[in-house]
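The listed protein sequences derive, respectively, from chains E and F.
When you line the first sequence up against the UniProt record's numbering, it's residues 1 to 454, in that order.
When you line the second sequence up against the UniProt record's numbering, it's residues 1 to 351, in that order.
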Amino acid sequence: MENGRLLSLVVLNFEQFWTQSRSSVMAGSLAASAFFHGPGSSPAASARSSKNTTGELPENLSVRGIVAKPNPPPGAMQVKAQAQALPKVNGTKVNLKTTSPDKEDIIPYSAPKTFYNQLPDWSMLLAAVTTIFLAAEKQWTLLDWKPKKPDMLVDTFGFGRIIQDGLVFRQNFLIRSYEIGADRTASIETLMNHLQETALNHVKTAGLLGDGFGATPEMSKRNLIWVVSKIQLLVERYPSWGDMVQVDTWVAAAGKNGMRRDWHVRDYNSGQTILRATSVWVMMNKNTRRLSKMPDEVRAEIGPYFNGHSAITEEQGEKLPKPGSTFDGTDTKQFTRKGLTPKWSDLDVNQHVNNVKYIGWILESAPISILEKHELASMTLDYRKECGRDSVLQSLTTVSGECVDGNTESSIQCDHLLQLESGADIVKAHTEWRPKRAQGEGNMGFFPAETRQL
Amino acid sequence: MLRCHTPPQCRPAVGAGAVLMRRREMAARCCAAPRVSGVEAASAVEGGGGEKRTTTMAERLRMGSLLEDGLSYKESFIVRCYEVGINKTATVETIANLLQEVGCNHAQSVGFSTDGFATTTTMRKLGLIWVTNRMHIEIYKYPAWGDVVEIETWCQEDGRIGTRRDWILKDLANGEVIGRATSKWVMMNQNTRRLQRVSDEVRDEVFVHCPKTPRLAFPEENNGSLKKIPILTDPAQHSRLGLVPRRADLDMNQHVNNVTYIGWVLESIPQDIIDSHELQTITLDYRRECQHDDIVDSLTYIEEGEEKSSNGSAFAAPHPEEQRQFLHCLRFAGNGDEINRGRTVWRKLAR
């Protein structure tokens with residue numbers, strides 16, 4: 001078949017190309033980008049992961065499978081289809097002249113350095129190259145894959161890694177279709193979920209994961225767990241389906257007994273900030289449910305990771321209104337949603353409601369008129385009490401008066417209260433909303449121009 | 001019938017050339033940019049002109065791709081911490097979300113419209129949309145936080161009025177099949193809400209990228225995905241009433257997402273089953289759609305009798321005594337109209 005012949009030609013001439021390159025690693029990366037650049041092909045993912053490693057092809061990716069695929073040539077050329085290409089790029093010279101003695105017959109034929117004039121049809125070359133990377137993809141997916149230890153691989157699947165001398169943890173997330181909300185951008189819950197995931201992965205990658213979510217070994221010994229007491233978020237833009245976001249997270253001290261965890265989320269492609277957040281955590285005994293001071297042993301475990309940098313500066317933090325602050329002078333309107341109950345999927349391994357779920361409930365009582373035309377610009381949350389499977393909650397939202405009539409020009413402020421129907425406060429929050437940006441900005445053109453419901 | 005909000009089917013907006021066309025563009029780009037490492041190449045090519053829509057960073061970075069024959073699509077996902085439930089393994093809702101995601105990505109990779117209605121040009125002209133009829137998921141081994149799941153999906157014709165989408169889930173680490181799923185879809189006129197036969201015109205557009213010979217995730221006879229779910233009239237043994245859709249449960253078209261129904265079905269399972277068993281199979285028949293202001297009751301009935309041992313699937317739990325089976329009904333709290341019917345099979349957890 002034409003395909004087979006051209007495939008061999010392509011492979012052979014890349015052999016020339018490889019053996020002429022200065023270093024095998026360079027060859028690997030160039031080969032990688034030349035061969036394997038395509039949608040979803042995993043060596044491209046290695047490029048995605050970090051800027052400082054180039055094309056890390058897996059050790060045992062064999063190109064043999066690629067060339068063996070097409071039918072052997074009809075005999076017009078003395079080219080054996082089984083070219084044994086071994087792109088063992090890590091430190092060894094990439095060399096196609098390997099075990100098969102038949103290869104010696106092939107070499108003289110491939111003497112011409114440029115093969116463009118050899119091709120009967122340019123489109124056939126493209127088809128051939130396509131077949132190569134498709135098959136390479138297939139090879140890749142069949143590899144002996146052991147993703148159990150996240151530090152083994154670059155961030156191919158979003159394991160994340162520690163950067164900046166151990167002080168910052170970075171992880172990437174691709175926004176999935178079910179993570180976007182009714183307005184086709186990632187919901188605030190999705191973004192908060194990513195923050196939670198990176199926090200845990202940071203602890204895990206730093207080797208500090210004890211038993212239970214986020215507790216260090218010294219904490220687990222003492223039955224201590226972290227509980228969040230306050231979160232502040234500033235959102236600058238919302239990503240869309242298919243966007244890749246990069247989340248950086250680090251920790252610092254918060255007073256004598258608390259820990260602060262900050263996040264900075266950027267769009268991976270453009271580097272623009274998506275959101276910045278800071279949170280304060282305190283320790284609680286999981287049996288007595290009482291707050292605890294930080295034991296010295298725990299401080300010794302986590303102290304080395306403290307990084308003084310702040311995602312949200314003190315000034316910015318001060319400017320954010322505190323939950324419960326009253327609006328003076330203007331009329332306010334109150335909205336309520338009752339009968340909110342946790343589902344099984346809202347519970348974490350300790351059968352407590354995951355703290356990200358509260359945000360969804362808080363927003364349940366926000367009037368739809370705000371949600372349709374505005375987006376959340378900032379949020380401050382004070383966590384007061386936890387709730388479990390059998391709790392029944394109600395969500396109250398107080399909106400500052402001038403905005404309720406659907407004025408889309410100004411920003412809106414809301415105060416929120418999530419409480420048990422029996423009275424106790426679970427979370428208090430304050431939100432600021434700004435008018436939504438125009439559609440079409442940065443949504444990658446996936447959706448048709450007309451919006452169906454907004 | 002439930003509106004097809006989310007997983008678009010495999011249908012090309014243009015003819016058979018679409019896939020090859022995109023592949024050529026891919027190839028052209030990669031040949032053109034050999035100098036730089038992957039990331040810069042991506043941006044350089046993106047910025048350097050060429051079609052705006054075809055290859056975005058996300059597509060290049062997407063972990064999934066069509067298989068060589070172009071007839072199915074495979075993608076891998078890592079299980080994130082917030083997708084894990086009380087058993088420290090992924091919840092069935094997470095699995096359902098991933099199935100939906102890979103279905104969407106399949107459609108997107110062959111160039112389909114992804115406006116949530118997943119229609120071809122002809123379908124749009126005729127005002128037709130796809131709606132889900134039935135969803136059947138079997139999970140043999142739930143993945144844990146950090147595990148990577150590889151999902152392959154494809155779709156094909158199913159009778160005269162329908163299409164089906166099948167999935168196979170594997171643990172990427174060892175290639176073991178950890179789950180299978182299938183779903184049935186029918187075509188409906190958006191305005192009259194009546195079912196419509198798949199005309200030849202639409203068939204050509206839709207099924208060119210589907211296997212011609214039937215390929216079933218559940219090839220065995222009398223498998224669970226074919227079993228009927230009867231109407232339930234007796235009082236339910238267990239129930240959870242007054243379930244309310246949250247904003248997050250609504251899809252882009254303001255209807256309750258298919259996956260939310262799974263969560264509601266599980267709500268009326270008694271606590272002792274949740275604590276001691278693991279969901280092995282769930283089958284849902286979709287009958288009506290549900291919106292933000294509706295209130296839903298979830299009812300559970302124990303299914304006894306010969307059903308328990310007739311599950312001859314090779315992948316089923318080996319000891320029927322360790323299985324529990326239930327039938328479910330989700331209905332509107334107000335008028336009692338059925339929203340969904342379901343069946344679940346649970347296997348004992350080896351604690």
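Cβ coordinates follow ideal geometry from the N, Cα and C atoms, glycine included.
No experiment lies behind these values; they were computed from the predicted model shown.
Beta carbon proximity, residue i to chain E, threshold 8 Å
i, result
"Q237(F)", "no"
"N189(F)", "no"
"G224(F)", "no"
"E101(F)", "yes"
"I282(F)", "no"
"A107(F)", "no"
"A248(F)", "yes"
"R165(F)", "no"
"I273(F)", "no"
"I86(F)", "yes"
"L266(F)", "yes"
"R157(F)", "Note that residue 157(F) is Glu in the sequence shown, not Arg. No, its Cβ sits nowhere closer than 8 Å to a Cβ of chain E."
"A89(F)", "A small fix is needed here, since residue 89(F) is Thr in this sequence, not Ala. No, because no Cβ of chain E sits closer than 8 Å to the Cβ of T89(F)."
Under the three-state DSSP convention, the category residue i falls into
i, result
"F207(F)", "helix"
"R215(F)", "coil"
"G342(F)", "strand"
"C155(F)", "strand"
"G214(E)", "coil"
"H202(E)", "helix"
"T122(F)", "helix"
"Y305(E)", "helix"
"I262(F)", "helix"
"Q334(E)", "strand"
Burial state of residue i, where buried means 16 or more other Cβ atoms lie within 10 Å
i, result
"S279(E)", "buried"
"D166(F)", "buried"
"Q237(F)", "exposed"
"Q164(E)", "exposed"
"A300(E)", "exposed"
"L174(E)", "buried"
"G334(F)", "exposed"
"W346(F)", "buried"
"I231(F)", "exposed"
Within-8 Å CB hit, residue i to chain F
i, result
"N354(E)", "yes"
"Y383(E)", "no"
"G207(E)", "no"
"residue 467(E)", "This structure gives no information on residue 467(E), because the portion of chain E shown stretches from 1 to 454."
"V349(E)", "yes"
"L191(E)", "no"
"K428(E)", "no"
"L233(E)", "no"
"K333(E)", "no"
8 Å Cβ shell around residue i - same chain, five flanking residues per side excluded
i, result
"W281(E)", "W226, V227, V228, S229, A254, G258, M259, R260 and R261"
"R384(E)", "A424, D425, I426, V427 and K428"
"E364(E)", "R337, L340 and S395"
"K88(F)", "A144 and W145"
Same chain only: Cβ atoms within 7 Å of residue i, ignoring 5 sequence neighbours per side
i, result
"V298(E)", "T216, E218 and M219"
"A314(F)", "Only weak support exists for where A314(F) lies, its pLDDT of 44 falling under 50; the coordinates are left without a value."
"S37(F)", "With a pLDDT of 33 at S37(F), under the threshold of 50, the predicted position of this residue should be treated as unreliable, though the coordinate-derived value follows. None."
"residue 489(E)", "A query on residue 489(E) cannot be resolved here, the shown segment of chain E reaching from 1 to 454 and no further."
"N189(F)", "G127, L128 and Q196"
"R434(E)", "H374, E375, A377 and S411"
Chain-order list of residues whose beta-carbon lies under 6 Å from that of residue i (same chain, five-residue window excluded)
i, result
"K357(E)", "D346"
"D348(E)", "N354"
"R134(F)", "K184 and D285"
"D415(E)", "T398 and H430"
"V149(F)", "F77, P143 and L169"
heavy atom of the ligand MG below 7 Å from residue i C-beta
i, result
"H202(E)", "As for the ligand MG, it is missing from this structure, which has no ligand bound."
Touching by the beta-carbon criterion (3+ pairs, under 8 Å), the region 232 to 251 of chain F and the region 78 to 96 of chain F: no
Assess contact between the region 84 to 92 of chain F and the region 140 to 157 of chain F, defined as three or more Cβ pairs (one per stretch) separated by less than 8 Å. Is contact present? yes
Any contact of the region 195 to 206 of chain E with the region 158 to 170 of chain E, i.e. 3+ C-beta pairs under 8 Å? yes
For the region 232 to 250 of chain E and the region 282 to 290 of chain E, state whether three or more C-beta atom pairs, one from each stretch, are separated by less than 8 Å. no
Taking 8 Å as the threshold, find out whether the region 283 to 294 of chain F comes into contact with the region 335 to 342 of chain F through three or more Cβ pairs. yes
Do the region 154 to 170 of chain F and the region 204 to 219 of chain F make contact, defined as three or more Cβ pairs closer than 8 Å? yes
Taking beta-carbon pairs under 8 Å, can you tell me which members of the region 177 to 189 of chain E lie near chain C? The chain labelled as chain C is not found among the protein chains of the depicted structure, namely E and F.
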